[in-house]
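*Asks:* Pasting a structure below so you can have a look.
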Amino acid sequence: MFMEVVKILLTLVLFVGVVYALNKKLSPAITLTMAGFLAILVGCLLNGNNLMGEESTGNLLFDIFEYFRRDAVVGTISKMGIRIMSILTYVAYMDHLKATKMFALLASKPVMKLKNKYLLSGGALLLTAALIIAIPNGTGRMAILIGTVYPIMLACGVTKATAAVAIFAGAMYSWGPANPKIPTAAAYMGIEVNMVEYFLKIEWLWDILAIAVGILVYILTSRFFDKKEDAKTETEGYSGLTVESLGIPKWYAILPLVPIVLIIAFGGNLPSLPQMEIAAIEFMSFTFVFLFITLISKDKKQAWNDGNIFFTGLGNSLSRIVGIIIGATTFGAGITALGGIDLILQPVLNMSASNANLFILITAILAVVVGVVSASDYVANSVLGPVYASFAASANLNVNGFLLLSVNAVQMCIALTPATAHVALISEGSGVPINTIIKRASLPILSSIAVYIIGTMVMV
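Read in order, the letters of the sequence shown correspond to residues 545 to 1004 in the working numbering.
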């Protein structure tokens, strides 16, 4: 019993320590990495874990660094990291060409007729949530929209924090008949589910309600925070700027949209076309645009050399954002190694089937807490998935209804933690501090989670 309390306390202390360090503006990447190293070391010593399995060096200290190399660095860069790096590289090239500003100026003209800027930003949140149909990856959506929709909002007079949170919160919704989270959550529960049938029979109504409630709360809280913080409308580079002063053709405005069009075409949405990864599409977009711009430029040597932005962009995004993701991966592994997460969830493992609503409420709250502490929705689902299935069987409930919790509510909890790629990406792309983004996003996200909790109670 004593060791169980120690593990839970160590888990919570580490999480609070990381939050404190980030609030003190210490480097997120190095803070998360060092906290992760410490958590892995202590967790393995307490529990006798072996991170490397058969690949162990035979020495715990050496294993930590082998794990860091193999999983945190190589694994992150080869999967999520390269995707983010490729998107931000293209965004950097668009900024250099002034294509982003041209796009924002032209696109904002009809939108500026909308008097209420909060309705505009609420629409941006809805757009971000809806784009999951074409771009299922949340970080991919955010990275693309931070280079397209975000400048439009700034040009229309929306504050930086309000604009950033619209994209951040919108990307947290995980819904739709092709949502890759559904089979993953179902696998944790040990069941098979027809994704289209689940969406049509259980999910769609609660998605609409959750997004609608989230947008309403977002608009109200954005008004409140803008007034409380005396936030100024940030035209950031757009004040007094005109289409003519940019000195480039108007058609440059279509260049930021090239990757979006190609992602829709080659991202698996059209069966007749080859399916490509987002990173490959971004690299292809850059190559086509770069060669075309070089071909039509008067100073072809300068245009050619400007292509080096491709490599500097990769390096900048690696140091600014992917480093944070590597740190977050290490921290998540450390928190898991400590074993405190399993102990936090222990009270629900043997709950009686007599009160389904209480079970749903308690597991949802615990799942959110675990998701925030571990910076992952998978950790909570891996533990609770079998519990949901067992409880549904014992209480004769519709097990598919629990997917509203594991797919939707638990997924959204990662918006409430500072140790994820999502908030790091938005913070870096917008210049808004991480704690400000989380503070502003919390109520819209929690209100949507509440809708999904109610939905689970109704649908099971």
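Ideal Cβ placement from N, Cα and C applies to all residues, glycine included.
Across the segment 976-985 and the segment 731-747, are there enough close Cβ pairs to call them in contact, namely three or more that are closer than 8 Å?
*Replies:* No, because fewer than three Cβ pairs between the segment 976-985 and the segment 731-747 fall closer than 8 Å, the two stretches do not touch.
*Asks:* Determine the extent of the alpha helix (DSSP H) in which lysine 653 is found, giving its start and end residues.
*Replies:* 643-655
*Asks:* Does the segment 912-922 come into contact with the segment 701-715, if we say contact requires no fewer than three beta-carbon pairs (one atom in each stretch) closer than 8 Å?
*Replies:* no
*Asks:* Please name the residue, chosen from Ile798, Asn591, Thr577, Ala708, that lies closest to phenylalanine 609 on a Cα-to-Cα basis.
*Replies:* Thr577
*Asks:* Taking C-beta to C-beta, are leucine 632 and serine 861 nearer than 8 Å?
*Replies:* Closer than 8 Å, so yes.
*Asks:* Could you check where the alpha helix (DSSP H) with phenylalanine 946 kicks off and where it finishes?
*Replies:* Taken as a continuous stretch (DSSP letters only), phenylalanine 946 belongs to no alpha helix (DSSP H), as it is neither H nor E.
*Asks:* Hey, how far is the Cα of tyrosine 762 from the Cα of proline 988?
*Replies:* For tyrosine 762 and proline 988, the distance between alpha carbons rounds to 5 Å.
*Asks:* Give the DSSP-derived three-state secondary structure of asparagine 952 in the structure shown.
*Replies:* helix
*Asks:* Take the Cβ of tryptophan 795 as the centre, count every other Cβ of all protein chains shown within 10 Å, and call the residue buried at 16 or more, exposed below.
*Replies:* By the 16-neighbour rule on beta-carbons within 10 angstroms, tryptophan 795 is exposed.
*Asks:* So, with DSSP's three-state summary, where would you put aspartate 615?
*Replies:* helix
*Asks:* Between the segment 698-706 and the segment 818-831, do at least 3 Cβ pairs fall closer than 8 Å?
*Replies:* no
*Asks:* Note the first and the last residue of the continuous alpha helix (DSSP H) segment covering proline 800.
*Replies:* Where proline 800 is concerned, there is no enclosing alpha helix (DSSP H), given that its DSSP letter is neither H nor E.
*Asks:* Taking the alpha-carbon positions, what's the isoleucine 676 to isoleucine 804 distance?
*Replies:* 12 Å
*Asks:* Suppose the cutoff is 6 Å on Cβ atoms and the five residues either side in sequence are ignored; what does the same chain contact list for glycine 871 look like?
*Replies:* Ala573, Leu576, Thr577
*Asks:* Measure the alpha-carbon distance for alanine 731 versus asparagine 738 and round it to whole angstroms.
*Replies:* 12 Å
*Asks:* Check whether the segment 924-935 and the segment 950-969 are in contact - that is, three or more C-beta pairs closer than 8 Å.
*Replies:* yes
*Asks:* Could you have a look at leucine 589 and say whether DSSP puts it in helix, strand or coil?
*Replies:* helix
*Asks:* Could you tell me whether the Cβ atoms of threonine 692 and isoleucine 628 are closer together than 8 Å?
*Replies:* no
*Asks:* Hey, would you say glycine 857 sits closer than 8 Å to glycine 587, going by beta carbons?
*Replies:* no
*Asks:* Looking at C-alpha atoms only, which residue of Gly945, Asp921, Gly878, Ala959 is the closest neighbour of isoleucine 904?
*Replies:* Gly945
*Asks:* Are the Cβ atoms of leucine 664 and leucine 671 separated by less than 8 Å?
*Replies:* no
*Asks:* Taking DSSP as the reference, what is the three-state secondary structure of proline 721?
*Replies:* coil
*Asks:* Let me make sure I understand the geometry here. Which of Leu969, Phe834, Asn979 has the alpha-carbon closest to that of histidine 640?
*Replies:* Phe834
*Asks:* Quick one: is serine 816 buried, meaning 16 or more other Cβ sit within 10 Å of its Cβ, or exposed?
*Replies:* exposed
*Asks:* Identify the continuous alpha helix (DSSP H) that holds lysine 772 and give its terminal residues.
*Replies:* Residues 748-772.
*Asks:* If you reduce the DSSP assignment to three classes, tell me which class lysine 569 lands in.
*Replies:* coil
*Asks:* How many Å lie between lysine 568 and asparagine 979 at the Cα?
*Replies:* 10 Å
*Asks:* Inspect the beta-carbon positions of isoleucine 958 and serine 920 and report whether they are closer than 8 Å.
*Replies:* Yes, Cβ-Cβ distance for isoleucine 958 and serine 920 is below 8 Å.
*Asks:* What separation, rounded to the nearest whole angstrom, lies between the Cα atoms of glycine 929 and isoleucine 726?
*Replies:* Roughly 12 Å between the two C-alpha positions.
*Asks:* Excluding the 5 residues flanking isoleucine 584 on each side, which residues of the same chain have their C-beta closer than 8 Å to its C-beta?
*Replies:* Leu595, Ile608, Tyr611, Thr874, Ala877, Gly878, Ala881
*Asks:* So, with DSSP's three-state summary, where would you put isoleucine 808?
*Replies:* helix
*Asks:* In this structure, does DSSP put aspartate 850 in helix, strand or coil?
*Replies:* Three-state DSSP puts aspartate 850 in a helix.
*Asks:* Measure the beta-carbon distance from isoleucine 869 to alanine 729 and round it to whole angstroms, keeping in mind my assumption that it falls under 8 Å.
*Replies:* Not really, about 22 Å apart at Cβ, beyond 8 Å.
*Asks:* Let me know if aspartate 770 comes out buried or exposed under the rule of 16 or more other beta-carbons within 10 Å of its beta-carbon.
*Replies:* buried
*Asks:* Spatial neighbours of methionine 686 within its chain, please: C-beta separation below 8 Å, excluding the five flanking residues on both sides.
*Replies:* Thr672, Ile711, Phe712, Ala715, His966, Leu969, Ile970, Gly973
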